[in-house]
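S.K.: Chains A and B, in that order, give the protein sequences.
The numbering of the first sequence is this note's numbering, which starts it at 1 and goes up by one.
The numbering of the second sequence is this note's numbering, which starts it at 451 and goes up by one.
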Amino acid sequence: MKCNMNFESWGRFPKVAHIGELVPHTIRKVGEYLDSTEPPVLPRGLGRSYGDSCLNEGGYLLSTRHLNKFLGFNPDSGIVRCESGVSLDELLQVFVPKGWFLPVTPGTKYVTIGGAIANDIHGKNHHKAGTFCNHVVCFELERSDGSRILCSRDNNHDWFRATAGGLGLTGVLLWADIVLKPVHGPYIDMESIKFENLNEFSRISAESAEGFEYTVSWLDCLRDADKIRGIFMRGNHSEKTSEKDSDMLHSQPGFASFPFDAPSVLLSNPTIKLFNFLYYNKQRGKSLKSRVHYDPFFYPLDKVAHWNRMYGTRGFLQWQCVVPPADDNKAIKMILEKITENKLGSFLVVLKEFGDTEAQGMLSFPIAGTTLALDFPNTGQRLFDILDELDKLVIEFGGRIYPAKDARMAGSTFQKAFPLLDNFRKYIDPKFSSSFYRRVGRHDLLSGGD
Amino acid sequence: MAGINKIAVFGACSTIAYETLKLFAKDGAAFYLCDRDEDELKRLSGDLSVRGAGDVGYSVFNALDERSISEAVENILSKHPDLDGLFIAYGTLPDQKRCETDIREMNKAFTINFTSTASILTQMADHFVKQKHGTIAVISSVAGDRGRESNYVYGSVKSALTAFTSGLRQRLCKAGVHVLTIKPGMVDTPMTADFKKGILFSQPDVIGKGIYNAILKKKNIVYLPWFWRWIMFIIRNIPERIFKKITL
Ligand SMILES: Cc1cc2nc3c(=O)[nH]c(=O)nc-3n(C[C@H](O)[C@H](O)[C@H](O)COP(=O)(O)OP(=O)(O)OC[C@H]3O[C@@H](n4cnc5c(N)ncnc54)[C@H](O)[C@@H]3O)c2cc1C
Ligand SMILES: NC(=O)c1ccc[n+]([C@@H]2O[C@H](COP(=O)([O-])OP(=O)(O)OC[C@H]3O[C@@H](n4cnc5c(N)ncnc54)[C@H](OP(=O)(O)O)[C@@H]3O)[C@@H](O)[C@H]2O)c1
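1) Mind listing the chain B neighbours of K69(A)? Cutoff is C-beta to C-beta under 8 angstroms, in chain order.
2) Starting from the N-terminal side, write out each stretch of the alpha helix (DSSP H) that is 4 residues or longer and does not extend beyond the stretch 162-205 of chain A.
3) Are the CB atoms of T585(B) and H628(B) nearer to each other than 7 angstroms?
4) Considering only heavy atoms of ligand 4, does any lie closer than 6 angstroms to the CB of A118(A)?
5) At 3 residues or longer, what runs of the beta strand (DSSP E) sit wholly inside the stretch 55-94 of chain A?
6) For a contact defined as C-beta to C-beta under 7 angstroms, what are the partners of G72(A) on chain B?
7) Using a Cβ-based criterion (distance less than 6 angstroms to any ligand heavy atom), does P634(B) qualify as near ligand 2?
8) Ends of the alpha helix (DSSP H) at K338(A)?
9) Check whether chain A comes within 7 angstroms of P640(B), counting only Cβ atoms and requiring the distance to be less than that.
10) Count the other C-beta atoms from every protein chain shown that fall within 10 angstroms of the C-beta of T313(A), then say buried if there are 16 or more, exposed otherwise.
11) Enumerate in chain order the residues of its own chain whose CB-to-CB distance from N6(A) is below 8 angstroms, with the five nearest sequence positions on each side excluded.
12) Going along the stretch 86-111 of chain A in order, which residues come within less than 7 angstroms of chain B, judged by CB to CB distance?
13) Please tell me whether E126(A) has its Cβ less than 7 angstroms away from any Cβ of chain B.
14) Whose CA, out of K667(B), A503(B), L698(B), lies closest to the CA of N601(B)?
15) Inspect the CB distances between the stretch 25-42 of chain A and the stretch 405-414 of chain A and report whether three or more fall short of 8 angstroms.
16) State the beta-bridge partners of I526(B) as determined by DSSP.
17) Given 8 angstroms as the limit, is there contact between the stretch 374-386 of chain A and the stretch 345-365 of chain A, that is, 3 or more CB pairs closer than that?
18) For the stretch 5-25 of chain A, list every residue whose C-beta sits within 9 angstroms of some C-beta in chain B, in sequence order.
19) Just to make sure I have the definition right: I need the residues of chain A whose C-beta is within less than 8 angstroms of the C-beta of E490(B). Which are they?
20) If K647(B) sits next to D638(B), beta carbons under 8 angstroms apart, how far is it from one beta carbon to the other, in whole angstroms?
21) Any heavy atom of ligand 2 closer than 6 angstroms to the CB of I466(B)?
22) One question on the structure: do G59(A) and P40(A) come within less than 7 angstroms of each other, judged by their Cβ atoms?
23) Measuring CA to CA, which of H127(A), A116(A), E191(A) is closest to L173(A)?
24) Thinking C-beta only, is H293(A) closer than 7 angstroms to E239(A)?
25) Is it buried or exposed for Q620(B), if we count other Cβ within 10 angstroms and need 16 for buried?
26) By how many angstroms is the C-alpha of A479(B) removed from the C-alpha of G496(B)?
27) From V94(A) to F275(A), what does the alpha carbon distance come to, in whole angstroms?
28) Which residues in chain A sit within 9 angstroms of A462(B), going by Cβ to Cβ distance?
29) Which same chain residues, not among the five before or five after P325(A), have their C-beta less than 6 angstroms away from its C-beta?
30) Does DSSP put L141(A) in a helix, in a strand, or in coil?
31) Using three-state DSSP, classify R621(B) as helix, strand or coil.
32) Looking at P43(A) and ligand 1, is the gap between the Cβ and the nearest heavy atom below 6 angstroms?
33) To which residues does DSSP link V673(B) through a beta bridge?
34) Could you spell out the range, first to last residue, of the alpha helix (DSSP H) harbouring R686(B)?
35) Measuring alpha carbon to alpha carbon, tell me which residue in H530(B), I661(B), K558(B) is nearest T465(B).
36) Cβ of P263(A) versus every heavy atom of ligand 1: is any distance shorter than 6 angstroms?
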């Protein structure tokens, strides 16, 4: 199979060529492929990572799309065993009607269990539930030497910690046991509250931490930093059971699909300002309570398939950081100031307080503090320079950048922020690598990485 | 539920079958799965059970082994004397070039894709006739609508399947038993792993849903996705004197 196949990540940047794709249909085939393929290999789920952590330039991607079987479910414990290519979408379709929900979910349901573990993903309930791998009981890892390692907190815990958040570098996850969470039905009781500045955000966030399982905020960022406003959303699973069978399920995007690469005018600052203005003023009063289906609450963007095409062929960059708690939100304020100063517009600015549950993985991203995520159309070098400056601020404040969303940080930025990297390297499978790892992870990068 | 409740499946582990069975599992159907790899049968039965299937049993069978077919048929009917669904979904895509010189390979293609299926259908028909209800669904292919240079061995086995199921439909209709002939276009499965995937390729879940709906609606012949009906209409109507000169 010597063909030049292009795979993209969700941000559609960078554009790189691969040698080919390996598509095992059975668990047995995974080993056969690993044995017979020239390195480098990288497992691939649904490619919902934004940057290059799901790309492997000049190598192979091993797709898990057919490792998509459920292997068992225990209704007493709520533990489901499934293969690593099962998507959260499929899990919800099967388990919400039975009264179960995901313990942690990201902002899209089109990610696989393998991807969720390999990035140790977080959701709107991080302050209560920690990361995805906090709810993983065990999993099996296949290595290119043919060995299989069963990893849990009691067994091979070091391998568990290397693979959780391990960016697909330690081997192929075959299957995992995940603890689901019981719910009454598919609805969320939610409340959105407008805030006028960051202090108000912090106050509402602190007030909500105890009584609300899910919290997240949207920010309007093309304003002066001291006038940052936004909408704080908080919610809990509703006790109301489903009204009709069809409500148990979520719909698929169907015809709502972004059909082509958009022209860049769509993404100019005036458009973003208008969008933000409309979004902020959609809600009239200070606060609004409602009961909504889980689908629009967690996955508003999934409504439009391929929404990433909105950013045109050059793609876009997502930048997500977390900074430890600081007085007066100093770090977040400085970051936002820099963004407004440079007139970097972003449609989707998300702000959330992480809790202090410790993540399991050696390279898990979340730490206690505040996380901020922004999307920028890829406008070239100037953007890259500004993002480098933002990275510096983050590192100064003891924070880090999320690898799942990164396509450009310097090796030193990554290596300073993830102190367990040295230890992690021992667990990397010799046949495995990724574009991301070669760009920022290798031990020889630190000196020249800036 | 107006569908079918107890379904025997030959080629249960095929990608297209799986996408169809998932939907029946959600409705709580019971299954008897037949394919040639025991590990895969086990894996599939676990999955369908989690999805809500009733009882799931399985037998290993190989289309090249007549005895294994009779054994599977026996197992099915002794386990489910009231079986009301039969779904045939196994097959191979023979190497056309090789079949042009290797007669054994060509004969093998006919045995796997046609003779064995005709044998299963013949052995099972009696049960359905006696029971006076039930549905039989068989995957043929658009390739059976007209023999083409690039794959006429596959085309002719599927053509034979289409003719066989058409006759069977007439016969069983009188006993109140329904026969569905399924004609998918090109689908992204292991069978077509080496093909470049153009816009005419469909994803298996789309085909699975189409089969599920066609079974519930008691369709006779279904093209999946629907546009293949029109593509094949055109291909069937190209005059032979022109057709023979082009390469398809
Ligand atoms: C709209 C949107 C919203 C998002 N919101 C959030 C959010 O709120 N929180 C958050 O944490 N993330 C979020 N993400 C990021 C996303 O959750 C992660 O990037 C996730 O890992 C993607 O999973 P995937 O199946 O697409 O994996 P891919 O992107 O294909 O791969 C991700 C990594 O997992 C590895 N991998 C995949 N399968 C396996 C396997 N079987 N064995 C070993 N390694 C494997 C890959 O090698 C790669 O390193 C969001 C993404 C999008 C597009
Ligand atoms: N894919 C397409 O484009 C397409 C188009 C039209 C029609 N179809 C038809 O759709 C059906 C399903 O195919 P698919 O595309 O889903 O392919 P698939 O996933 O490759 O499934 C083929 C199945 O047939 C089984 N099989 C092969 N040889 C066998 C034998 N000798 N005895 C018993 N079982 C055997 C295979 O078992 P193993 O896995 O053990 O080999 C496998 O489970 C086939 O009838 C095919 O002709 C496919």
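All C-beta atoms in this analysis are idealised placements derived from N, C-alpha and C, irrespective of residue type, glycine included.
M.R.: Walking through what the data contain:
1) R493, L494, G496, D497
2) none
3) yes
4) With respect to ligand 4, the structure offers nothing, as its ligand set consists of ligand 1 and ligand 2.
5) 60-63, 70-74, 79-83
6) G496, V500
7) yes
8) 330-341
9) yes
10) exposed
11) K15, V16, A17, H18
12) V94
13) It should be noted that the sequence gives His, not Glu, for residue 126(A). Output row for H126(A): interface = no.
14) L698(B)
15) no
16) In the DSSP output, where bridge partners are listed per residue, I526(B) has none listed.
17) yes
18) V23, H25
19) T26
20) 6 angstroms
21) yes
22) yes
23) A116(A)
24) no
25) exposed
26) 14 angstroms
27) 36 angstroms
28) Here the premise fails: no neighbours, minimum Cβ distance about 13 angstroms.
29) G369
30) strand
31) helix
32) yes
33) The sequence as given places Tyr at residue 673(B); Val does not occur at that position. K633(B).
34) 678-686
35) I661(B)
36) no
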